[in-house]
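Q:
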Amino acid sequence: MTIPITKPVFGPEESLAVQATLENGWIVQGPRVKAFEDRFSAFTGSPFCTATSSCTTALHIAVAMLGLKRGDEVIVPAFTWIATPNVVEYMGAKPIFCDIDLKTFNIDAEQIERRISRRTVGILPVHLFGLCADMDPILRLAKKHRLWVVEDAACAFGARYHGRHAGRLGDIGCFSFHPRKAITTGEGGMITAELKKWDSLARSLRDHGAARSDLARHQGQSAFLLTSYDHLGFNYRMTDIQASLGCAQMDRASWILERRKAIAGVYDQTLAGRDWLQTPAVPTGYEHGYQSYVCLFRPETPTRKNLARLHARRNRLMLELEEKGISTRQGTHAPVLLGYYAKKYKLRPGQFPNAETADRLTMTLPLFPQMTSEEQDRVCDNLTL
Ligand SMILES: Cc1ncc(COP(=O)(O)O)c(C=O)c1O
7 MTIPITKPVF GPEESLAVQA TLENGWIVQG PRVKAFEDRF SAFTGSPFCT
57 ATSSCTTALH IAVAMLGLKR GDEVIVPAFT WIATPNVVEY MGAKPIFCDI
107 DLKTFNIDAE QIERRISRRT VGILPVHLFG LCADMDPILR LAKKHRLWVV
157 EDAACAFGAR YHGRHAGRLG DIGCFSFHPR KAITTGEGGM ITAELKKWDS
207 LARSLRDHGA ARSDLARHQG QSAFLLTSYD HLGFNYRMTD IQASLGCAQM
257 DRASWILERR KAIAGVYDQT LAGRDWLQTP AVPTGYEHGY QSYVCLFRPE
307 TPTRKNLARL HARRNRLMLE LEEKGISTRQ GTHAPVLLGY YAKKYKLRPG
357 QFPNAETADR LTMTLPLFPQ MTSEEQDRVC DNLTL
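Residue numbers (this note's numbering): 7 to 391.
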């Protein structure tokens with residue numbers, strides 16, 4: 007049996023929750039979406055939570071709300087899922103890539119300031135793989151240069167920075183509920199905000215710019231009249247079917263996160279002696295959500311010269327593991343190396359050395375709450391050079 011990279015946790019509770027929504031008959035954004043938002047808010051402490059169809063659409067709404075426009079620049083990490091810079095492109099603005107710290111795989115806060123220009127309007131740090139970016143220096147820079155901060159918290163459910171949950175650190179946070187994440191709604195996202203003004207606008211923008219939701223209209227008087235539309239919005243709504251799944255997932259969220267942390271702890275201990283494999287760092291003051299357990303394959307110190315060779319060696323190891331029924335994945339990609347960005351901005355290999363190293367040498371190990379110790383032993387025993 008192949009050990010998958012991840013596996014969502016579904017039980018009878020999820021099936022019953024979805025079934026109840028189907029039987030109830032209200033399946034578009036409605037009471038279950040509201041219930042999911044309330045549970046997410048209670049768990050994270052975020053006062054305002056607005057569910058969306060994905061994290062990508064959550065991020066799109068976030069930058070639209072902040073008024074991002076053509077000619078503006080936004081600082082993004084050079085190693086992240088392509089959705090992060092894409093939402094900047096959607097608005098006609100320009101993503102300014104910044105290299106990462108190879109220990110944490112997150113944006114290197116020390117390199118941000120030199121990338122700020124008079125066109126810069128915001129910073130979009132990513133809490134990659136469930137570890138928060140180093141937010142204190144980022145927020146200090148944002149304040150100094152009057153920039154907004156949107157947290158790409160796609161992977162950061164359960165992640166905390168000095169005790170505060172991800173999504174509560176910048177102006178707006180955006181989460182993902184794709185099945186690779188700790189809790190899932192199939193596809194889905196959440197916008198978190200500390201200010202009510204962002205919540206009201208996010209609710210309107212996810213629904214074509216409507217002043218009032220369908221549910222409020224149906225439950226109120228004169229349901230036959232459409233509401234007014236005061237903004238250029240989108241259809242980025244989550245369905246009640248997805249949200250009922252999300253509510254059931256929230257009921258087991260603490261257990262899911264505890265299991266993820268416990269399994270990560272076993273990996274940390276077992277792999278500690280393998281100095282060719284850098285395991286995930288958890289700096290003091292951080293709580294890792296372990297959306298993924300991402301290691302760096304480094305039998306030698308990576309350099310520009312040996313990167314291709316090390317990359318080939320890592321791929322050989324991943325292939326051998328695949329042949330033994332053990333799934334691995336590269337952590338994520340470096341958009342700076344991908345066709346669209348490399349071509350449009352004339353980016354050349356070598357400009358973002360750490361992002362490129364991470365793109366070529368990261369290796370995600372299987373991690374899911376139901377993973378048995380036998381499965382984990384099998385992964386560790388086969389992780390040999
Ligand atoms: C860092 C990051 N940002 C954004 C996204 C996009 O999330 P979604 O698939 O929910 O649109 C992902 C998805 O994996 C991600 O890893």
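Don't be surprised by glycine CBs; every beta carbon is placed ideally from N, CA and C.
(1) Quick check on the DSSP output: the beta strand (DSSP E) that includes Val-127 runs from which residue to which?
(2) Give the DSSP bridge partners of Leu-371, in chain order.
(3) 8 Å is my cut-off, CB to CB: does Tyr-347 come that close to chain C?
(4) Near Tyr-351, which residues of its chain fall below 6 Å by C-beta distance, leaving aside the five closest residues on each side in sequence?
(5) On a CA-only basis, which of Phe-85, Thr-290 and Lys-75 is nearest Gln-357? Give me that one, please.
(6) With a threshold of 7 Å, establish whether the CB of Leu-134 neighbours any heavy atom of ligand 1.
(7) Grab the span of the beta strand (DSSP E) containing Ile-33 for me, first residue to last.
(8) With respect to the alpha helix (DSSP H) encompassing Glu-157, which residues constitute its N-terminal and C-terminal limits?
(9) Within the present structure, is the beta-carbon of Gly-179 separated from the nearest heavy atom of ligand 1 by less than 7 Å?
(10) From what residue to what residue does the beta strand (DSSP E) around Val-80 run?
(11) Tell me the residue span of the beta strand (DSSP E) that contains Ala-57.
(12) Whole angstroms is fine: what's the gap from Lys-202's alpha carbon to Arg-146's?
(13) Between Thr-363 and the rest of its own chain, which residues show a CB-CB distance below 8 Å, the 5 nearest in sequence each way excluded?
(14) What does Gly-179 pair with, by DSSP beta-bridge criteria?
(15) Which first and last residues belong to the beta strand (DSSP E) in which Lys-149 is found?
(16) Within the same chain, show all residues whose beta-carbon is closer than 6 Å to that of Arg-335, passing over the 5 residues directly before and after it, in chain order.
(17) Which class does Val-132 belong to by DSSP, given the choice of helix, strand or coil?
(18) DSSP on His-317, reduced to helix/strand/coil?
(19) Taking Cβ to Cβ, would you say Gly-215 is nearer than 8 Å to Gly-239?
(20) Any chance the CB of Ala-160 is under 7 Å from a heavy atom of ligand 1?
(21) For the segment 203 to 290, which segments carrying the beta strand (DSSP E) assignment without a break, of at least 3 residues, lie completely within its bounds, in sequence order?
(22) Do Thr-27 and Ile-178 have their C-beta atoms closer together than 8 Å?
(23) I'd like to know whether the C-beta atoms of Val-127 and Leu-175 end up nearer to each other than 8 Å.
(24) So, using beta-carbon positions, are Leu-263 and Gly-295 closer together than 8 Å?
(25) State yes or no: is the C-beta of Ser-260 within less than 8 Å of the C-beta of His-237?
(26) Would you say Glu-193 touches ligand 1, meaning its beta carbon is less than 7 Å from a heavy atom?
(27) Does ligand 1 have a heavy atom nearer than 7 Å to the CB of Thr-86?
(28) Give a single yes or no on whether Thr-90 has its beta carbon closer than 7 Å to a heavy atom of ligand 1.
(29) Measuring from the CB of Arg-265, is there a heavy atom of ligand 1 at a distance below 7 Å?
(30) Please classify Cys-104: does DSSP put it in a helix, a strand, or coil?
(31) Quick one: does the C-beta of Arg-186 sit closer than 7 Å to a heavy atom of ligand 1?
(32) Pop quiz: Glu-200 and Pro-53 are said to be a contact at Cβ under 8 Å. What is the actual Cβ separation, rounded to whole angstroms?
A: Checking against the coordinates, here is how it stands:
(1) Run containing Val-127: 126 to 129, per the beta strand (DSSP E) assignment.
(2) Paired residue(s): Tyr-299.
(3) The chain inventory of the structure shown lacks chain C, comprising one protein chain alone.
(4) Counting only residues of its own chain and dropping the five nearest sequence neighbours on each side, Tyr-351 has no CB closer than 6 Å to any other CB.
(5) Measuring from the Cα of Gln-357, the nearest candidate turns out to be Phe-85.
(6) Because some heavy atom of ligand 1 lies under 7 Å away, the Cβ of Leu-134 counts as near it: yes.
(7) According to the DSSP assignment, Ile-33 belongs to no beta strand (DSSP E), since it is labelled neither H nor E.
(8) In the DSSP annotation of this structure, Glu-157 is not part of any alpha helix (DSSP H); the continuous beta strand (DSSP E) holding it starts and ends at 154 to 158.
(9) No, the Cβ of Gly-179 stays beyond 7 Å of every heavy atom of ligand 1.
(10) Per DSSP, Val-80 belongs to the beta strand (DSSP E) from 79 to 83.
(11) DSSP places Ala-57 in the uninterrupted beta strand (DSSP E) bounded by 54 to 58.
(12) C-alpha separation (whole angstroms): 23 Å.
(13) Closer than 8 Å at Cβ, skipping near neighbours: Leu-108, Leu-302, Pro-308 and Leu-313.
(14) Gly-179 pairs with Glu-157 and Thr-198.
(15) Note, Lys-149: premise wrong, no beta strand (DSSP E); alpha helix (DSSP H) at 141 to 151.
(16) Only Ile-11 and Thr-370 meet the Cβ criterion.
(17) Of the three classes helix, strand and coil, the one that applies to Val-132 here is strand, per DSSP.
(18) When DSSP states are grouped into helix, strand and coil, His-317 belongs to the helix group.
(19) Contact flag set, yes.
(20) True, at least one ligand heavy atom lies under 7 Å from that Cβ.
(21) None, since the segment 203 to 290 contains no complete beta strand (DSSP E) of that length.
(22) No, the pair does not count as a contact, with Cβ atoms beyond the cut-off.
(23) Result no, Cβ atoms of Val-127 and Leu-175 do not sit closer than 8 Å.
(24) Against a cut-off of 8 Å, the Cβ pair of Gly-295 and Leu-263 comes out as a contact.
(25) Remark: C-beta atoms of Ser-260 and His-237 do not approach each other more closely than 8 Å.
(26) Taking non-hydrogen atoms of ligand 1 into account, the C-beta of Glu-193 is found less than 7 Å away from one of them.
(27) Within 7 Å of the C-beta of Thr-86 there is at least one heavy atom belonging to ligand 1.
(28) True, at least one ligand heavy atom lies under 7 Å from that Cβ.
(29) At a threshold of 7 Å, Arg-265 does not count as near ligand 1, since its beta carbon sits no closer than that to any of the ligand's heavy atoms.
(30) Taken through DSSP and simplified to helix, strand or coil, Cys-104 comes out as strand.
(31) Ligand 1 has a heavy atom closer than 7 Å to the beta-carbon of Arg-186.
(32) Confirmed, Cβ separation roughly 6 Å.
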